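Residue numbers (this note's numbering), protein chains in the order written: chain A, 1 to 171; chain B, 172 to 1007.
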């Protein structure tokens, strides 16, 4: 009997929290988090542009911090929290960043968008009022070929204002 | 809390309804596909996973030029998990985007022409298995001499990279003369001669090309692909697979960036289609980033020589342009690119006499093709930098010089391009004003400078890729009893907002919300043909088709509602999802009811619209490249800071004005302008598709210098300057609601404006793109040594140009035909072209 192709040998199995939900997944042990998300968990919202850690299109939040998921092994994620674009909206409501990106032209082709959105979320979680330069810095690992970035900066700033307003209302 | 209701509420209150009663057009809105994009639900080709899906990988040539002696696939076939191995003999029919350049094969049969040319395909159960099995294919190559540059191509007639073309390794030569330029130079007070080099660069879409093909249950073929041109892919598949086109369905998935790089039919698309048919299971391919660099079809490297005669007041008396174009290994769009490199020079300023000679050669590098601005940024760079030099010699302000010579609207140019609205002068005045040009030019401290440049671009190519008399764009509308409208159209969403354009136009005409519209686009089975997302054609062409279909639907609804309300149909108004009497607005019906009334009266409701561009007055051979229904215009001022120690050029701010006709959705229009500025800065300062020889001890092969996103430098969020965007809105009657293009034009002035600004900052001319620190340093060293303060090419090689086709310009009585074309019968002009 011929050997099973290596990719079919799903000998790794982990449990981790994906977008707030515990999941079990088995996969070939060499796979990256990017591949596990897209191929084994059907979460295709996370994209890829190089699979070498150069373009940032595959960014997700690992324990709240942006990482390029093409450079993280799936196996490293056992027991950890992963947030992808699929987990950004909640209660059927878009995150203010998503609304702002859609309204202000921050997504053109939409391919780099999921990664930029989660990266921007990590920024705003850590710093509720980033300056334009801090936004530039935070997004400098995410290449976008369509927008020229300016509408992205504006959308992050608009969401920042919206989140602050919502926070006041909630208090 | 409920999610914000998806409807297009204006973000700036009142900005729409006030303007000529328009409620959708001209209002900054969330695009109709905005929600899908920000939730990661836009389904790109590689997001498609199907049951039993197999994966495909291509074995690519490691040699830039070789004969294939033998391909042995037996070891690969025996590898566990491999389903199929394909080679060149499985798909021998040649194809290519242009009918005159059918020079590609899905897999190379006996000849590889660049590193990365595909030789064989593995289809396997798993992607990694396919990768592994690539190593098990044994190919014997006979290495051939490599041609690495156009100069080498001119000097080396054998071996030929292709057996067709002009001769040797010359693919295409063009020689056209519109009036006697020598006479123009004789009438000039000064004659200027400059050579420029524009390095090639690539599109670098973040999405890697991907395709999934299936054999449908009924035996037909369906392919999803990241293509900008599903219709042309459809034709190529039918040809190579020898299948009736009716049995092939091409679905263009939304492109994760295109910029022209997904406009050719590609070998990988044909391979997965063939494999799916043979295996009767879905087959997917997704290229690696390295492979995307080998697909290329990007900006041609162009060496150019400009000779321009001018009067002391700036009037141009004649221009002679010569280009030497590095085409890479295949034809692609290259014949069109060669013409484009000479076509649009006449659209910005009045040029009474013009001569163009262009030569495209084959080289053993990935094929060049259409990148944003297709063929025109290179000569525009030369022309606009030379104008800066002319202005300096004539002691004129560069903005004033340009304002003196701007071409008039509705003119027919020397090379018989019919212009539409021309608001270039207004663009220039606007950027001069908002940039405070008069207080900056030649007045900023050493190391800081400003530069100005202008451009024009097509709003859609006037001719299709293959000769036919059919419409370039078609739209079908279906009216739903519930008040919705479905749009069926071949137009392809590549991020530019083509879906939003269609929805906005239909919604505006029918008085409904864009979110009441459903879109079925980019699908060759569902919608009528649209030629594709290239040449900035969608807004005008698909837009006009949508406008016609919507107006026809409106007429049917109006007739039925008029009967019901007993008011004349001319008095009916469509707005706010109602059809009502404009004399008594309370008297009306809802839009859904209007549809029901019309359906009851006329039967099932559906309308069609189509658009065919007007006939061009350019009747000479080659006159098919350049005509467009109308042209957009841009002017830009770029400010730079040049570090004299490192040569580093930084751009703190850009001001750009764009003659858009009308902005259908200003949010998206601004995005296109800023995205163009961004991409232009990348080309101006850092992006280059460069090649190098491997050491002699290795293969000495000509390889891509850095086929990776890390080393192919493109601007990041840290590099992007502030941009002031000014839209000049003067509706052009040829566009839907007056709209012209915006996707490509605003890129064009950026590169020359940067070069001109560098000169203003440190008084060195960089007559070459990209303007890297190394070149700036070399030019500064020249300046310091008292030599010519310049970096750039100093000669243009000898080319045996053919005899030029002589076409007298309109003001010399020309009728659009060449007077000396022995191969072509004179065409009868459709109308008399009058001198302006």
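We put the CB at the ideal spot given by N, CA and C, even for glycine.
Bear in mind that the values here come from a model prediction, so they are computed numbers and not experimental data.
Under the 7 angstroms criterion on CB atoms, residue 119/A is classed as non-interfacial with respect to chain B. In the three-state reduction of the DSSP assignment, residue 778/B falls in the strand class. Under the DSSP definition of a beta bridge, residue 819/B lacks any partner.
With a threshold of 7 angstroms between beta carbons, residue 163/A makes no contact with chain B. One alpha carbon belongs to residue 345/B, the other to residue 994/B, and they sit about 15 angstroms apart.
Annotation: the continuous beta strand (DSSP E) that includes residue 392/B extends over 392-396. Those residues of the stretch 822-839 of chain B placed with their C-beta closer than 7 angstroms to a C-beta in chain A are 838 and 839, ordered along the chain. Taking 7 angstroms as the Cβ-Cβ cut-off, the stretch 877-889 of chain B approaches chain A at 879, 880, 881, 885, 887, 888 and 889, given in chain order. Near chain A, meaning a CB-to-CB distance below 9 angstroms, the residues of the stretch 420-440 of chain B are 425, 426, 427, 428, 429 and 430. Under the DSSP definition of a beta bridge, residue 529/B partners with 345/B and 494/B. By the Cβ test, the stretch 609-625 of chain B is in contact with the stretch 916-936 of chain B, since at least three Cβ pairs between them sit closer than 8 angstroms. Chain-ordered, the chain A residues with CB closer than 8 angstroms to the CB of residue 212/B read 45. Interface criterion met: the Cβ of residue 849/B is under 7 angstroms from a Cβ in chain A. In the DSSP assignment, residue 82/A is bridged to 18/A and 62/A. In the DSSP secondary-structure assignment, residue 692/B is bridged to 660/B. In this structure, DSSP gives residue 106/A a state outside helix and strand, which the three-state scheme calls coil. For residue 443/B, the uninterrupted alpha helix (DSSP H) segment begins and ends at 438-450. Residue 494/B sits close to residue 529/B, with the two beta carbons spaced by under 7 angstroms. Within 7 angstroms of the CB of residue 533/B, no CB atom of chain A is found; the nearest one sits about 28 angstroms away. Across the set 811/B, 670/B and 282/B, the C-alpha of 811/B shows the shortest separation from the C-alpha of residue 821/B.
The beta carbon of residue 54/A falls within 7 angstroms of a beta carbon belonging to chain B, placing the residue at that interface.
For residue 327/B, the closest alpha carbon among the candidates 318/B, 681/B and 777/B is that of 318/B. In this structure, residue 689/B lies near residue 657/B, with their beta-carbon atoms less than 7 angstroms apart. Looking at the DSSP output, residue 843/B shares a beta bridge with no other residue. Chain B places a beta carbon closer than 7 angstroms to that of residue 50/A, counting this residue as a contact.
Per the C-alpha coordinates, the member of 999/B, 223/B and 548/B positioned closest to residue 853/B is 548/B.
Take the alpha-carbon of residue 979/B and the one of residue 519/B: they are about 20 angstroms apart. For a cut-off of 8 angstroms, the C-beta gap from residue 282/B to residue 238/B is around 6 angstroms, short enough to register as a contact. Taken in chain order, the complete alpha helix (DSSP H) segments of 4 or more residues contained in the stretch 277-350 of chain B are 298-305 and 321-326.
Measuring C-alpha to C-alpha distances from residue 814/B to each of 617/B, 280/B and 667/B identifies 617/B as the nearest. For residue 638/B, the secondary structure class from DSSP, reduced to helix, strand or coil, is coil. For the stretch 87-115 of chain A, the residues whose beta carbon sits under 7 angstroms from a beta carbon of chain B are, in order, 89, 91, 92, 93, 94, 98, 99, 101, 102, 103, 104, 105, 107, 108, 109, 110, 111, 112, 113 and 114.
Around the beta-carbon of residue 11/A, fewer than 16 other beta-carbon atoms lie within 10 Å, marking it exposed. With 16 or more other Cβ atoms from the protein chains shown falling within 10 Å of its own Cβ, residue 768/B counts as buried. Note on geometry: alpha-carbon atoms of residue 355/B and residue 511/B lie some 23 angstroms from one another.
Look at residue 709/B here: in three-state DSSP terms it is helix.
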